[in-house]
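A.B. asks: Numbering (full-length UniProt numbering), first residue to last: 1 to 393.
We put the beta carbon where it would ideally sit given N, CA and C, even for glycine.
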Amino acid sequence: EMLLQQIKKECNQEVQLWAAASIAKAFDNLNLEYELTAKTKTPSFTKNFITNHKHPVVQMIAEARKINKVRTTFIDTIIDHEHCGRIHAGINQIRSDDGGTVTGRFSYSNPNLQQIPARDPVTGPMIRSLFIPEENCRWGCFDYSQQEPRLVAHYALRYELPSVNTIADSYDSDPSTDFHKIVAEMAEIPRTEAKTINLGLFYGMGKAKLQAELGVTKDKADELFDKYHSKVPFVKQLMNKAMGAAEDKGQIKTLLGRRCRFPKYEPILKGTDWGKYVPAEDEERMLQLQNMGEWLKDDDGEFILDDKKQKKKNYWHNNGHRRAFTYKSLNKLIQGSAADMTKQAMVKLHKEGILAHIQVHDELDFSIESQQQADKIKDIMIHAVDLEVPNKV
Numbered sequence: 001e002m003l004l005q006q007i008k009k010e011c012n013q014e015v016q017l018w019a020a021a022s023i024a025k026a027f028d029n030l031n032l033e034y035e036l037t038a039k040t041k042t043p044s045f046t047k048n049f050i051t052n053h054k055h056p057v058v059q060m061i062a063e064a065r066k067i068n069k070v071r072t073t074f075i076d077t078i079i080d081h082e083h084c085g086r087i088h089a090g091i092n093q094i095r096s097d098d099g100g101t102v103t104g105r106f107s108y109s110n111p112n113l114q115q116i117p118a119r120d121p122v123t124g125p126m127i128r129s130l131f132i133p134e135e136n137c138r139w140g141c142f143d144y145s146q147q148e149p150r151l152v153a154h155y156a157l158r159y160e161l162p163s164v165n166t167i168a169d170s171y172d173s174d175p176s177t178d179f180h181k182i183v184a185e186m187a188e189i190p191r192t193e194a195k196t197i198n199l200g201l202f203y204g205m206g207k208a209k210l211q212a213e214l215g216v217t218k219d220k221a222d223e224l225f226d227k228y229h230s231k232v233p234f235v236k237q238l239m240n241k242a243m244g245a246a247e248d249k250g251q252i253k254t255l256l257g258r259r260c261r262f263p264k265y266e267p268i269l270k271g272t273d274w275g276k277y278v279p280a281e282d283e284e285r286m287l288q289l290q291n292m293g294e295w296l297k298d299d300d301g302e303f304i305l306d307d308k309k310q311k312k313k314n315y316w317h318n319n320g321h322r323r324a325f326t327y328k329s330l331n332k333l334i335q336g337s338a339a340d341m342t343k344q345a346m347v348k349l350h351k352e353g354i355l356a357h358i359q360v361h362d363e364l365d366f367s368i369e370s371q372q373q374a375d376k377i378k379d380i381m382i383h384a385v386d387l388e389v390p391n392k393v
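1. Check each candidate in H361, S44, Y327 and name the one with the smallest Cα separation from E33.
2. Can you tell me which residues form a DSSP beta bridge with K253?
3. Apply the 10 Å Cβ neighbour rule to K311 and answer buried if 16 or more other Cβ atoms are within range, or exposed otherwise.
4. Thinking C-beta only, is L238 closer than 8 Å to L330?
5. Beta-carbon within less than 8 Å of E369's beta-carbon, same chain only, minus the 5 sequence neighbours each way: which residues are those?
6. Is the region 121–133 touching the region 333–342, taking contact as three or more C-beta pairs under 8 Å?
7. So, helix, strand or coil for D299, using DSSP?
8. Assign S129 to one of three DSSP states: helix, strand, or coil.
9. Helix, strand or coil: which one does DSSP assign to F325?
10. Measure the C-alpha to C-alpha separation of G336 and N92 and round it to an integer number of angstroms.
11. Taking the straight line between their C-alpha atoms, what separation do you get for W139 and P133?
12. What three-state label does DSSP hand L364 in the structure shown?
13. Does the region 226–241 come close enough to the region 355–373 that 3 or more CB-CB pairs lie under 8 Å?
14. Since G90 is in the alpha helix (DSSP H), which residue starts that stretch and which ends it?
15. Taking 6 Å as the limit between beta carbons, can you name the residues of its chain near E302, skipping five residues before and five after?
16. How is the alpha helix (DSSP H) around D375 delimited, first residue to last?
17. How many Å lie between D219 and P149 at the Cα?
18. May I have the straight-line CA-CA distance separating residue 394 from L36, to the nearest angstrom?
19. If I measure Cβ to Cβ from G200 and keep anything under 8 Å in the same chain, skipping five residues before and after, which residues do I get?
20. At which residues does the alpha helix (DSSP H) containing Y34 begin and terminate?
21. Tell me whether V164 is buried or exposed, calling it buried when 16 or more other Cβ atoms sit within 10 Å of its Cβ.
22. Would you kindly work out how many angstroms separate the C-alpha atoms of Q5 and Q13, rounded to a whole number?
23. Over what stretch of residues does the alpha helix (DSSP H) that includes F179 continue unbroken?
24. Identify, in the order they occur along the chain, each residue of the same chain with its Cβ nearer than 6 Å to the Cβ of Q290, setting aside the five sequence neighbours on each side.
25. Could you check whether A345 and M381 sit closer than 8 Å to each other, using their CB atoms as the reference points?
26. Rounded to whole angstroms, what is the Cα-Cα separation between G104 and I334?
27. Determine the direct distance from the alpha carbon of R65 to that of Q115, and round the result to whole angstroms.
28. Counting along the chain, where does the beta strand (DSSP E) carrying C137 start and finish?
29. Determine the burial state of P267: buried for a count of at least 16 other Cβ atoms within 10 Å of its Cβ, exposed for fewer.
30. If you follow the beta strand (DSSP E) that K264 is in, where does it begin and where does it stop?
31. Flag this pair as yes or no: are the beta carbons of T101 and S107 separated by less than 8 Å?
32. Looking at F142: is its Cβ nearer than 8 Å to the Cβ of K378?
33. Can you tell me where the beta strand (DSSP E) with Y108 in it begins and where it stops?
34. For the alpha helix (DSSP H) containing T192, name the first residue and the last one.
35. Roughly how far, in whole angstroms, is the beta-carbon of Y265 from the beta-carbon of A187, given that I think they are within contact range, below 8 Å?
36. Which residues in the same chain as residue 394 place their Cβ atom closer than 7 Å to its Cβ, once the five residues preceding and following it in sequence are excluded?
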């Protein structure tokens, strides 16, 4: 309220924080320029524009917006879902009509407890302080250190891919090894750029998007990629193996055997059908495209062509199609395996009578009664699933 009053005083009007037209009037009163949308030519005030603006009144608007969002999105939501001093959110184990993810990572709803802010130095601690441990306990956060990079190293070692032994040796000598730092040293590039490339490739990011994330020219990006892939070849080779499995089998298996499927197809060449993804089971679409032979399903449920009863051909591949979204296969393998590991840790902890309050991807939070209990939690998490490289919590 104090900020809104100050903004009103400076702008000679009340400002509605989330109304572009209202903010535009304030900018006009302050003789400040702002952008217009390309299509409708109406005022546009993006988060980045407001946050990075140097004018003190605009900075107040940004701060007021942040506080308003914290109150409406987090505090009000927590209060609305509080029951006898506790929050019981809905947990989504896997993708469904009610939410969840295809990789198997937990997600929460009503409220979304994974979106509680942490990075803001002021509002983060304030919101998180609303969550307290059981009486006479301390709140304990236990998170896997670089869980996904370790899984990349694990699979690369399983396939005996080149250059990964450098990573493995570092982990063996020091489980606290910084994956991104070692890769930076191998590729002879700065750590920040190595980390950006690592995570971009792990998450299936394309070359153009990676270039934008790096904030460099195309020539500079090409130079970085060439150095990276020549010095750290195991990452690209692991990507290719994951994509090959997804293409050939229509699925990949995570660390504990859960299947991530790729059931859709797309045209190989761009044309009128480009971007229209076709489910493998879409018989109507299949009949629209087919122009030869008798169509059957094989033992794996794939549509095939019985050509004079002599040989079978995959329908989609012989009609200019390929499996869609296989570029996401490494991401599904790594994120899905990380989900397996964290869930396995929860199961083993539960068998020991230790229940987590919340799971946030690679982190489990508990009420801690003693240092002995904390050490036990850490040990169970480390050995929940043994990898080719040491785990660290």
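C.D. replies: From the atom records:
1. S44
2. Per DSSP, R259.
3. Because K311 sits at a pLDDT of 35, beneath the cut-off of 50, its placement in the model cannot be relied upon, and the following sentence gives the value as read from the coordinates. Looking at its Cβ environment, which holds fewer than 16 other Cβ atoms inside 10 Å, K311 is exposed.
4. Yes, these two residues count as a Cβ contact at 8 Å.
5. N136, C137
6. no
7. Here D299 scores only 46 on pLDDT, less than 50, and its place in the model is too uncertain to base an answer on.
8. When secondary structure is reduced to three states using DSSP, S129 falls in the coil class, being assigned neither helix nor strand.
9. Note: F325 maps to coil in three-state DSSP.
10. When rounded, the distance between both Cα atoms is 14 Å.
11. 5 Å
12. strand
13. no
14. From DSSP, G90 is part of no alpha helix (DSSP H) but of the beta strand (DSSP E) over 90–92.
15. Confidence in E302 is poor, its pLDDT being 47 and thus under 50, which makes the residue's placement too unreliable to answer from.
16. Residues 371–382.
17. 27 Å
18. Residue 394 is absent from the model: the chain starts at 1 and stops at 393.
19. K209, L210, E213
20. From DSSP, Y34 is part of no alpha helix (DSSP H); its letter is neither H nor E.
21. Here V164 is buried, its C-beta having at least 16 other C-beta atoms within 10 Å.
22. 10 Å
23. 179–187
24. For Q290, the pLDDT reaches just 45, beneath the cut-off of 50, and the residue's location in the model is therefore unreliable, leaving the point undetermined.
25. yes
26. 11 Å
27. 17 Å
28. From DSSP, C137 is part of no beta strand (DSSP E); its letter is neither H nor E.
29. buried
30. 264–267
31. yes
32. Yes, they are a contact pair.
33. 107–109
34. 191–202
35. Y265 to A187, Cβ: 36 Å. No contact.
36. Look at the range of the chain in this structure, 1 to 393, and you will see that residue 394 is not part of it.
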